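Asker:
Protein chains: 2
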Amino acid sequence: MHEETKLKIEDRRRGDRCCDTDLKLRLKPDETEQLSEDIKILAHPVRLQILDILSRNAGQVCVCDLEAALPVKQPTVSHHLKLLRDAGLIDCACQGLWAFYFVNRAALAKLRARVAETMKLLG
Amino acid sequence: MHEETKLKIEDRRRGDRCCDTDLKLRLKPDETEQLSEDIKILAHPVRLQILDILSRNAGQVCVCDLEAALPVKQPTVSHHLKLLRDAGLIDCACQGLWAFYFVNRAALAKLRARVAETMKLLG
DNA sequence: CAAATATATTGACAATCGTCGATATATGTG
DNA sequence: CACATATATCGACGATTGTCAATATATTTG
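Quick note, the sequences are listed as chains V and Z, same order.
Residue 67 in the numbering used here sits at position 62 of the first sequence, with consecutive numbering throughout.
Residue 121 in the numbering used here sits at position 116 of the second sequence, with consecutive numbering throughout.
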């Protein structure tokens, strides 16, 4: 089906077989998988808003404060907090009945750098 | 239920009512919605790989080249290409039987800037 | 026109995600 | 202990997403 010598893309003409091009991936499959997983965390308005709020009120915001500020109910807030926590982007300090959340600035900076680097590569 | 004067966060004690904090959002709901929508486009390994390939082979890659390089079948490749096209991040030039795709560098740069700005804000 | 090829589209299906009511757990109050 | 409050977890449900076989469309060749 394929010729033995590969067809250069620039020589491809009408009727020539295609798919003989050997495209290398600069991003390795594993890296890509991991990166898209990380980006997914940011791809939700509520999670962006949570990060926005926490970034300016470190350690001073409890779950019900967030619930009051966001368009979702408490279990949903807790759900998104858990995702952000599992991703290492936020953390919390329990104090009495409350859980005061804060951004993990180091982790967020690291993610930011990785995203920026990748996007620069792609653009 | 709530006192008339709001409780300062730093004065909150055990048993005090919470949720009286008036948290302002730096990111407006509409912006946040739009931004998360844009980020979602990047949150898939196949789409990241497509951008990776196209960025180094502008106008030289057809769909079946991509199919050969990616772990998904042709309809799925076309599907992701359509999403990227609808988002304005790529474009294509049809030539005979082939559709040669390329990255819209201006659009990607614009998205990159917006993402970077937001992440800086959050960190 | 008939056959071959490349791509897009459709439709079905499974998997994942987002949401919320209900409930569990933990802490503090009287 | 009984009660109230804050948060986490569970379970169900609908919405969205990802995938692919099948098919449609378009182009080119003979």
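C-beta: ideal position from N, C-alpha, C; glycine also.
In this text, all values refer to a predicted model and were calculated from it rather than measured experimentally.
1) Using three-state DSSP, classify V:Asn109 as helix, strand or coil.
2) Does the CB of V:Ala114 have a neighbour CB from chain Z at under 8 Å?
3) Taking C-alpha atoms, which residue in V:Gly128, V:Lys115, V:Phe107 lies nearest to Z:Val108?
4) Residues of the region 73 to 96 of chain Z with a CB closer than 7 Å to any CB of chain V: list them in chain order, please.
5) Is Z:Gln79 helix, strand or coil by DSSP?
6) Does the region 67 to 74 of chain Z come close enough to the region 48 to 56 of chain V to have 3 or more Cβ pairs within less than 8 Å?
7) Our contact map puts Z:Arg61 next to V:Arg31 with C-beta atoms below 8 Å; I'd like the distance itself, whole angstroms only.
8) Note the first and the last residue of the continuous beta strand (DSSP E) segment covering Z:Asp96.
9) Could you tell me which chain V residues have their CB closer than 7 Å to the CB of Z:Ala48, listed as they occur along the chain?
10) Between V:Glu42, V:Val51, V:Ala63, which has its C-alpha nearest Z:Glu36's C-alpha?
11) Would V:Leu40 be called buried (16 or more neighbouring beta carbons within 10 Å of its own) or exposed?
12) Could you say which of Z:Ala121, Z:Arg90, Z:Ala114 lies nearest to Z:Phe105 if we only look at CA atoms?
13) Suppose the cutoff is 7 Å on Cβ atoms and the five residues either side in sequence are ignored; what does the same chain contact list for V:Val82 look like?
14) Looking at C-alpha atoms only, which residue of V:Ile44, V:Ile46, V:Ala114 is the closest neighbour of Z:Leu126?
15) Figure out for me which residue from V:Gly64, V:Glu122, V:Ala48, V:Ala121 has the closest Cα to the Cα of V:Gln100.
Answerer: Quick look at the numbers:
1) Your numbering for residue 109 of chain V matches position 104 in the first sequence. In the structure shown, V:Asn109 sits in coil (DSSP, three-state: anything other than H, G, I, E or B).
2) On the first sequence, position 109 is the one that residue 114 of chain V refers to. Chain Z, which has a Cβ nearer than 8 Å to the Cβ of V:Ala114, makes this yes.
3) Position 103 of the second sequence, counted from the start, is the residue given in the question as residue 108 of chain Z. Residue V:Gly128 is the option with its Cα nearest to Z:Val108.
4) Ala73, Ala74
5) Translated into positions along the second sequence, residue 79 of chain Z becomes position 74. Three-state DSSP puts Z:Gln79 in a helix.
6) no
7) Residue mapping note: residue 61 of chain Z aligns to position 56 of the second sequence, counting from 1. Residue mapping note: residue 31 of chain V aligns to position 26 of the first sequence, counting from 1. About 7 Å separates the two Cβ atoms, so the contact holds.
8) Looking up residue 96 of chain Z in the second sequence gives position 91. Per DSSP, Z:Asp96 belongs to the beta strand (DSSP E) from 95 to 100.
9) Numbered from 1 along the second sequence, position 43 holds the residue referred to as residue 48 of chain Z. Result: Ser41, Ile44, Lys45, Ala48.
10) For the purposes of this step, residue 36 of chain Z is taken as residue 31 along the second sequence, with counting starting at 1. The shortest Cα separation from Z:Glu36 among V:Glu42, V:Val51, V:Ala63 belongs to V:Val51.
11) Residue numbering aside, residue 40 of chain V sits at position 35 when the first sequence is read from its first letter. Its Cβ being crowded by 16 or more others within 10 Å, V:Leu40 is buried.
12) Taking the second sequence and counting its residues from 1, one reaches residue 105 of chain Z at position 100. Cα-wise, what sits closest to Z:Phe105 is Z:Arg90.
13) Translated into the one-based positions of the first sequence, residue 82 of chain V becomes position 77. Closer than 7 Å at Cβ, skipping near neighbours: Val68, Leu71, Glu72, Leu75.
14) Sequence index remark: in the second sequence, residue 126 of chain Z carries index 121 (1-based). Per the Cα distances, V:Ala114.
15) For the purposes of this step, residue 100 of chain V is taken as residue 95 along the first sequence, with counting starting at 1. For the residues V:Gly64, V:Glu122, V:Ala48, V:Ala121, the minimum Cα distance to V:Gln100 belongs to V:Gly64.
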